[in-house]
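First residue of the sequence shown? That's 411 in my numbering, and the numbers climb one at a time after it. Virtual Cβ for every residue (Gly too), placed ideally from N, Cα, C. Below is one structure, written out as structure tokens, with a few remarks after it.
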Amino acid sequence: MRKNCDATNYAGIVDTLINIANVLRDQEKYNEAIEFQQQALMMREQHYPSDDVNIACSLSSIATILNKQRQYDEALEFYQRALEIYEKSCPSNPDVIANGLIDIADILNQQGKYEEAIEFQQRALTIREDNYSSCHEKLADSLNRIGEIRFGQRKYDLALDCYQRALSVLERCFPCGHVDIARSLQHIGIILNVQGKHDEALDFHQRAMIIYQQYYPSDHPTIASCLANIGNTLTEQEKYDEALDFCQRAVAIYEQYYPSGHSNLATCLAYIGNILTDQTKYDAALDVYYRAVAFYKKYAPNHTDMVTCLNNIAEVLRGQRKYDEALEFQQQALTVLKSNSPSDRLRIARNLKNIGNNLFQQTKYDESVDFYQQALTLFEEYYPDDHIEITDCLYWIAINFNRNFHFDLAIEYLERCLLINEASLSPKDLVITNLLNCLSQVHTTRDEHEVSVLYEQNCFLMRLKILPPDHEDIGHSLSNIGEIYENLQNPTLALDNYQQALAIYRKCLHPWHDELWKMQSNIERLLEELEAEAD
């Protein structure tokens with residue numbers, strides 16, 4: 411094809427270049443598609459002013475392909491250039507400017523820059539509110555997009571508010587019903603399910619199904635999607651047989667509609683794997699999970715649900731004590747996350763924690779510490795207010811150090827953990843008593859019994875305030891204090907604490923319980939020793 415052409419026929423050539431680019435894009439031949447789009451852009455730049463809308467269209471088309479290649483920075487630059495032209499050349503065209511803002515917001519959302527994405531979506535919503543009636547479907551579209559970002563942020567209340575507002579707009583826009591209403595109902599149902607409001611979630615999914623059945627044949631994949639959501643909600647309600655029935659019906663539709671496979675089929679199979687896991691049918695669950703992963707890898711290797719599926723496989727394998735196999739799937743999940751969702755640092759950090767825990771179970775303490783440290787770094791840098799995740803990492807790092815006989819480091823991390831928990835938790839939270847007990851044990855291991863008894867006594871006093879007076883844990887504290895006093899060569903105080911522990915154990919434990927017999931044995935031994943000393 412001639413690159414130099416007369417002004418009279420260049421428009422036809424540009425159209426041809428764009429059509430070829432679109433075909434290549436649909437074939438996922440993105441580099442070739444960009445080459446043709448860039449040729450079209452160069453020709454338009456030769457024949458149009460720099461602020462012409464046709465140039466903006468080419469810039470947007472290139473950005474769309476870059477987005478598909480996950481080259482987000484480059485895509486963002488092209489979308490921003492396009493938006494500048496739209497705002498200059500089409501100030502009276504709200505649709506074009508709003509769409510340009512939405513394109514940028516979508517990229518920012520992909521990059522995990524959620525608040526910036528919200529800002530652009532909000533600007534698009536404001537333009538639409540200024541130019542359309544309060545019941546226009548474009549307002550609902552913007553609200554749904556903001557809701558999607560809030561959902562990605564795990565700000566479920568804010569997401570729910572957006573989806574409910576979108577639903578209200580659509581119900582006024584389409585009083586006789588519409589598939590978009592059903593989609594909003596599904597969005598709301600999914601959030602309610604995540605929030606643990608399973609009965610309400612089920613109601614919204616069922617309402618969506620009624621609408622879908624009016625618009626689609628019974629074997630349509632949209633019907634399958636709704637069936638799968640109902641099944642997922644029933645799983646949360648522990649109605650496993652019903653859940654399995656709905657998910658199997660969805661799978662049957664997907665298999666008929668997508669005979670060679672599809673990511674939606676993979677997701678539905680993963681739901682079935684979850685059900686079978688909850689039913690303790692672990693081998694059957696693994697078989698289904700493996701099928702799901704195979705479809706994900708073939709049809710949607712970048713799908714975020716594949717990470718969930720890989721981690722679910724790992725959890726089942728860990729339950730079967732197949733730690734090496736579990737680790738392999740955990741590492742696959744981490745690789746997918748880092749490659750496809752590098753901005754989702756929360757999931758990456760949690761995956762690192764899971765690997766650390768698996769390595770701990772294998773007594774690979776040095777490796778376990780390394781993964782927990784990586785997770786801790788992410789939590790402290792990006793989620794400094796998430797005290798639960800931070801202290802969990804600190805705790806397990808300390809436990810690893812303790813198992814590896816690095817007692818100084820174990821104490822250091824336990825003390826950091828204790829300080830954060832004392833500042834962020836209720837003074838009656840039993841998590842604090844657990845840390846006091848751990849610190850006592852580590853100091854005992856170092857023969858620092860004077861320090862150890864202080865931690866254990868604080869633990870005992872907290873438990874005494876929080877728990878019923880005859881609670882087993884209070885007995886454990888008294889037993890521990892007794893052992894420390896024995897180490898301090900103070901048999902009288904040791905005996906007193908053992909006797910108090912025994913009195914509690916007799917109230918809360920079975921007469922044949924090991925702890926009860928251990929206390930009786932300790933008391934008898936100390937009484938004999940004290941009598942011998944007296945003689």
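Taking every protein chain shown into account, the CB of I620 has fewer than 16 other CB atoms within 10 angstroms, so this residue is exposed. With a 10 Å radius around the Cβ and a threshold of 16 neighbouring Cβ atoms, K763 comes out buried. For Q437, no alpha helix (DSSP H) encloses it, and the DSSP letter there is neither H nor E.
Counting along the chain, the unbroken alpha helix (DSSP H) around D590 starts and ends at 589-604. Spanning the alpha carbons of L864 and I830 requires a straight line of approximately 20 Å. According to the DSSP assignment, R533 belongs to the alpha helix (DSSP H) that extends over 524-541. Contact between Q449 and L434 is absent: CB atoms are separated by about 12 Å, not below the 8 Å threshold. Rounded to the nearest angstrom, the Cβ distance from W806 to Y782 is 5 Å, consistent with a contact under 8 Å. In this chain, the alpha helix (DSSP H) harbouring G766 covers 755-771.
DSSP, reduced to helix, strand and coil, places F815 outside both helices and strands of the structure shown, so it counts as coil. Between R564 and S552 the beta-carbon gap is near 21 Å, outside 8 Å, which marks them as no contact. In the pairwise beta carbon analysis, the stretch 833-841 is classified as not touching the stretch 814-824: fewer than three pairs are separated by under 8 Å. Using a 10 angstroms sphere on the CB of K548, the tally of other CB atoms reaches 16 or more, which defines it as buried. In the assembly as shown, H920 is an exposed residue. Its beta-carbon has fewer than 16 other beta-carbons within 10 Å. Boundaries of the alpha helix (DSSP H) around W927: 924-944.
Taking the Cα positions, D715 is about 14 Å away from I682.
Leaving aside the five residues that flank N767 on each side, the residues in its chain whose CB is nearer than 8 Å to its CB run, in chain order, S778, W806. For L919, no alpha helix (DSSP H) encloses it, and the DSSP letter there is neither H nor E. Just so you know, the alpha carbons of Y667 and Y626 end up roughly 13 Å apart. Excluding its 5 nearest sequence neighbours in each direction, L737 has C-beta neighbours in its own chain below 6 Å: N768, listed in chain order.
Counting only residues of its own chain and dropping the five nearest sequence neighbours on each side, V861 has a CB closer than 7 Å to the CB of H853. Just so you know, the alpha carbons of N907 and I798 end up roughly 34 Å apart. The Cβ atoms of I556 and Q531 sit closer than 8 Å to each other. With respect to the 8 Å criterion, C545 and C583 are classified as neighbours on the basis of their beta carbons.
Judged by their CB atoms, L518 and A550 are not nearer to each other than the 8 Å cut-off. With a beta-carbon spacing of about 6 Å, I514 and L493 fall inside the 8 Å limit used to define contacts.
Distance from Y566 to Q605 at the Cβ level is roughly 6 Å; contact confirmed, criterion being Cβ atoms closer than 8 Å. Using a C-beta cut-off of 8 Å, the stretch 880-896 makes contact with the stretch 913-929, since at least three inter-stretch Cβ pairs fall below that distance. Judged by DSSP in its simplified three-state form, L835 adopts coil rather than helix or strand. Straight-line measurement puts the Cα of N810 at about 10 Å from the Cα of Q771. In the same chain as L747, and ignoring 5 residues on each side of it, the C-beta atoms closer than 8 Å to its own belong to V717, D754, R757, I758, N761, in chain order.
The residues A702, C719, in chain order, have a CB closer than 6 Å to that of A680 in the same chain once the five nearest residues on each side in sequence are set aside. Distance from the Cα of V698 is smallest, within the candidate group L877, I600, I685, for I685. Boundaries of the alpha helix (DSSP H) harbouring K748: 733-750, taken from the DSSP string.
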